[in-house]
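Colleague:
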Amino acid sequence: MKLFFKFTLLISFILTSSLSAEKVYKLKMATTWGPTAAPLIDSAKNMAKLAEEMSNGQLKIRVDASNKHKAPLGILDMVKGGQYDLGHSASYYWKGKDIAALPFTSMPFGMTAPEQYSWFYYGGGLELMQKVYSKHKVLSFPGGSTGVQMGGWFKNEIKSLDDLKGLKMRIPGFAGEVMAKLGVQVTNIAPGELFTALERNTIDALEWVGPSMDIKMGFQKIAPFYYTGWHEPASEMQFLVNKKAYKKLPKHLQKVLTTAMRVAAYDMYAQNYNMNAIAWDKMKTENPNIKVLTFSKEIMDAMKKANAELRADLSSKSAELKEVLDHQEAYMKKAREWTKMSDYLYLKDNLK
Ligand code: CA
Numbered sequence: 012m013k014l015f016f017k018f019t020l021l022i023s024f025i026l027t028s029s030l031s032a033e034k035v036y037k038l039k040m041a042t043t044w045g046p047t048a049a050p051l052i053d054s055a056k057n058m059a060k061l062a063e064e065m066s067n068g069q070l071k072i073r074v075d076a077s078n079k080h081k082a083p084l085g086i087l088d089m090v091k092g093g094q095y096d097l098g099h100s101a102s103y104y105w106k107g108k109d110i111a112a113l114p115f116t117s118m119p120f121g122m123t124a125p126e127q128y129s130w131f132y133y134g135g136g137l138e139l140m141q142k143v144y145s146k147h148k149v150l151s152f153p154g155g156s157t158g159v160q161m162g163g164w165f166k167n168e169i170k171s172l173d174d175l176k177g178l179k180m181r182i183p184g185f186a187g188e189v190m191a192k193l194g195v196q197v198t199n200i201a202p203g204e205l206f207t208a209l210e211r212n213t214i215d216a217l218e219w220v221g222p223s224m225d226i227k228m229g230f231q232k233i234a235p236f237y238y239t240g241w242h243e244p245a246s247e248m249q250f251l252v253n254k255k256a257y258k259k260l261p262k263h264l265q266k267v268l269t270t271a272m273r274v275a276a277y278d279m280y281a282q283n284y285n286m287n288a289i290a291w292d293k294m295k296t297e298n299p300n301i302k303v304l305t306f307s308k309e310i311m312d313a314m315k316k317a318n319a320e321l322r323a324d325l326s327s328k329s330a331e332l333k334e335v336l337d338h339q340e341a342y343m344k345k346a347r348e349w350t351k352m353s354d355y356l357y358l359k360d361n362l363k
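Per the numbering used here, the very first residue in the sequence shown carries number 12; after that it's consecutive.
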């Protein structure tokens, strides 16, 4: 009898464990990006692949590019509404719905990628992001960093603040507002029309990302002044997860998912660094007339002043946004001391 009891217990254990091992969870992910927009879409695909492999096929994620769902800027709504379980996009796209979502991508004169990752994962940033997104019934996680984005391609050299007055430039978002305060005529043009607009002088300048993504656009052929970055020092993409879909997953698959997202995020930073190095080498060889320039102190100071005014103005309208901005600022102050004495002084010394 005792033996029989042990035997049935063993059988039931084998049955339940094999059943739970066999149950496959299928999730769908919508991304903002087109099917070939490397490295952005790669981060989403990499995450899905890692999750499937780490779960031994138990967690399958289908990644839909924007040509499939036709709503590149509808990701938050679709994940919130449950049409998709997961999303890959960028937090600053939702600033019109929730201004507190703005700082989780990157802020002008804000943290660098290593500083921002340490803020997210060890400095309380991730918890703050969940707090902001809880009202949307989704979870939000870092989704891959572009690192420092370049300040943009200009057809003419910008020597003084006067050169910015009336300059027609494509620069979206918060950075565009900073530029507008300096007298720039800020316009937004669809990505597919940017090259022609620049070529026909509809615009005099534009910012895109950095060599890795700029090279395919061809701006280097017609606007040779390539200014260094200030406005998106570490643009972080974003994974979104519908809370209900997340709760339906067994604990170990939740862990697989969050681990895959974390690995894929940091991996995009590494992938894009490599892509930038290769693209820049090719770009400068093929276009030796490109000049890499940095905005003068006069211009940078004016940008910083306009940036501070805009931040104060927005903060006065949203206590939650103020909380995030203040939290980032306080963290950056601490982390920057270390950045200065480590990376900065190391490079400064070695670049002499
Ligand atoms: Ca950009």
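Cβ coordinates follow ideal geometry from the N, Cα and C atoms, glycine included.
1. DSSP three-state call for Leu356: helix, strand or coil?
2. Could you tell me which uninterrupted beta strand (DSSP E) segments, each at least 3 residues in length, are contained entirely in the stretch 134-161, listed from first to last along the chain?
3. So Val189 packs on Pro119, CB below 8 Å; how close in whole Å?
4. If you draw a straight line from the alpha carbon of Gly158 to that of Gly68, how long is it in whole angstroms?
5. Would Tyr277 and Gln265 be called neighbours here (beta carbons separated by less than 8 Å)?
6. Counting beta carbon pairs with one atom in the stretch 36-53 and one in the stretch 77-90, are three or more of them shorter than 8 Å?
7. Indicate, with yes or no, if ligand 1 has a heavy atom lying under 7 Å from the CB of Gln249.
8. Just to confirm, are Glu309 and Leu172 a CB contact at a threshold of 8 Å?
9. Can we count Glu188 as close to ligand 1, meaning its CB is less than 7 Å from some heavy atom?
10. Distance check for Asp225 and Lys371, CA to CA, integer angstroms please.
11. With a cut-off of 8 Å on the beta carbons, I'd call Ser77 and Gly45 a contact; round off their distance for me.
12. Quick one: does the C-beta of Trp44 sit closer than 7 Å to a heavy atom of ligand 1?
13. Check whether the Cβ atoms of Glu331 and Val143 lie closer than 8 Å to each other.
14. I'd like to know if the stretch 231-239 and the stretch 161-169 are in contact, where contact means that at least 3 CB-CB pairs between them fall below 8 Å.
15. Under 8 Å, do Ser54 and Gly155 count as touching if we go by C-beta distance?
16. Please report the Cβ distance between Ile72 and Glu63, rounded to the nearest whole angstrom; I am assuming they are in contact, meaning their Cβ atoms lie under 8 Å.
17. Beta strand (DSSP E) containing Ser246: first to last residue?
18. When DSSP builds the beta bridges, which residues end up paired with Phe236?
19. Give every residue whose Cβ lies closer than 6 Å to any heavy atom of ligand 1, listed in chain order.
20. Below 8 Å on the Cβ atoms is my guess for Trp130 versus Tyr280; work out the distance and round it to an integer in Å.
21. Indicate, with yes or no, if ligand 3 has a heavy atom lying under 7 Å from the CB of Met286.
22. Taking just the CA atoms, how far does Lys108 sit from Asp311?
23. With C-beta atoms as the reference, is Thr58 less than 8 Å away from Ala271?
24. Using only the alpha-carbon positions, how far apart do Val267 and Ala317 sit?
25. Along the alpha helix (DSSP H) that carries Ser77, what are the first and last residues, could you check?
26. List, from N- to C-terminal side, the alpha helix (DSSP H) runs of 4 residues or more that fit wholly inside the stretch 41-90.
27. So, with DSSP's three-state summary, where would you put His99?
28. Taking buried to mean at least 16 other C-beta atoms within 10 Å of its own C-beta, is Asp215 buried or exposed?
29. Between the alpha carbons of Lys344 and Lys79, how many angstroms are there, rounded?
30. Threshold first: 3 residues or longer. Then list the beta strand (DSSP E) segments lying entirely within the stretch 264-319, N to C.
31. Tell me the residue span of the beta strand (DSSP E) that contains Val197.
Modeller: So, from the listed chains and residues:
1. Within the sequence shown, numbered from 1, the residue matching residue 356 stands at position 345. Leu356: helix per DSSP, three-state reduction.
2. 149-156
3. The residue you call residue 189 lines up with position 178 of the sequence shown. The residue you call residue 119 lines up with position 108 of the sequence shown. Confirmed, about 6 Å.
4. Along the sequence shown, read from residue 1 onward, the residue named residue 158 stands at position 147. Along the sequence shown, read from residue 1 onward, the residue named residue 68 stands at position 57. When rounded, the distance between both Cα atoms is 32 Å.
5. Against the sequence shown, residue 277 aligns to sequence position 266. Against the sequence shown, residue 265 aligns to sequence position 254. No; because the gap between Cβ atoms is not below 8 Å, this pair is not in contact.
6. yes
7. Position 238 of the sequence shown, counting from 1, holds the residue named residue 249. Gln249: no, Cβ never under 7 Å from ligand 1.
8. Along the sequence shown, one-based indexing puts residue 309 at 298. Along the sequence shown, one-based indexing puts residue 172 at 161. Closer than 8 Å, so yes.
9. Here residue 188 refers to the residue found at position 177 of the sequence shown. It does not: the Cβ of Glu188 is nowhere closer than 7 Å to a heavy atom of ligand 1.
10. Here the chain covers residues 12 to 363 and nothing more, so residue 371 does not appear.
11. Your numbering for residue 77 matches position 66 in the sequence shown. Your numbering for residue 45 matches position 34 in the sequence shown. About 6 Å; that satisfies the 8 Å criterion.
12. What you label residue 44 is simply residue 33 of the sequence shown in a count that begins at 1. Because no heavy atom of ligand 1 lies under 7 Å away, the Cβ of Trp44 does not count as near it: no.
13. Translated into positions along the sequence shown, residue 331 becomes position 320. Translated into positions along the sequence shown, residue 143 becomes position 132. Yes, these two residues count as a Cβ contact at 8 Å.
14. yes
15. Residue numbering aside, residue 54 sits at position 43 when the sequence shown is read from its first letter. Residue numbering aside, residue 155 sits at position 144 when the sequence shown is read from its first letter. Yes; because the gap between Cβ atoms is below 8 Å, this pair is in contact.
16. As a position in the sequence shown, residue 72 is number 61, starting the count at 1. As a position in the sequence shown, residue 63 is number 52, starting the count at 1. Confirmed, about 7 Å.
17. What you label residue 246 is simply residue 235 of the sequence shown in a count that begins at 1. No beta strand (DSSP E) contains Ser246, which DSSP labels as neither H nor E.
18. The residue labelled residue 236 in the question sits at position 225 within the sequence shown. In DSSP, Phe236 forms a bridge with Phe165 and Lys302.
19. Gln160, Glu218, Trp219, Val220 and Glu243
20. Numbered from 1 along the sequence shown, position 119 holds the residue referred to as residue 130. Numbered from 1 along the sequence shown, position 269 holds the residue referred to as residue 280. Not a contact, Cβ separation roughly 14 Å.
21. Ligand 3 is not part of this structure, which contains only ligand 1.
22. Your numbering for residue 311 matches position 300 in the sequence shown. Your numbering for residue 108 matches position 97 in the sequence shown. The question names Asp, but residue 311 is Met in the sequence shown. Each residue's alpha carbon lies about 30 Å from the other.
23. The residue you call residue 58 lines up with position 47 of the sequence shown. The residue you call residue 271 lines up with position 260 of the sequence shown. Inspection of the sequence shows that residue 58 is occupied by Met rather than by Thr. It is a contact, given that the beta carbons lie within the stated cut-off.
24. Reading the sequence shown from its first residue, position 256 is the one you call residue 267. Reading the sequence shown from its first residue, position 306 is the one you call residue 317. So the alpha carbons of these two residues sit roughly 43 Å apart.
25. Within the sequence shown, numbered from 1, the residue matching residue 77 stands at position 66. Unbroken alpha helix (DSSP H) run through Ser77: Ser77 to His80.
26. 51-65 and 77-80
27. By one-based count along the sequence shown, residue 99 stands at place 88. Here His99 sits in strand by DSSP.
28. The residue you call residue 215 lines up with position 204 of the sequence shown. The residue in question, Asp215, is buried, as its Cβ has 16 or more Cβ neighbours within 10 Å.
29. As a first step, residue 344 must be located in the sequence shown, where it is residue number 333. As a first step, residue 79 must be located in the sequence shown, where it is residue number 68. Near 43 Å, if we compare the C-alpha coordinates of Lys79 and Lys344.
30. 302-304
31. Position 186 of the sequence shown, counted from the start, is the residue given in the question as residue 197. Note, Val197: beta strand (DSSP E), Gln196 to Thr198.
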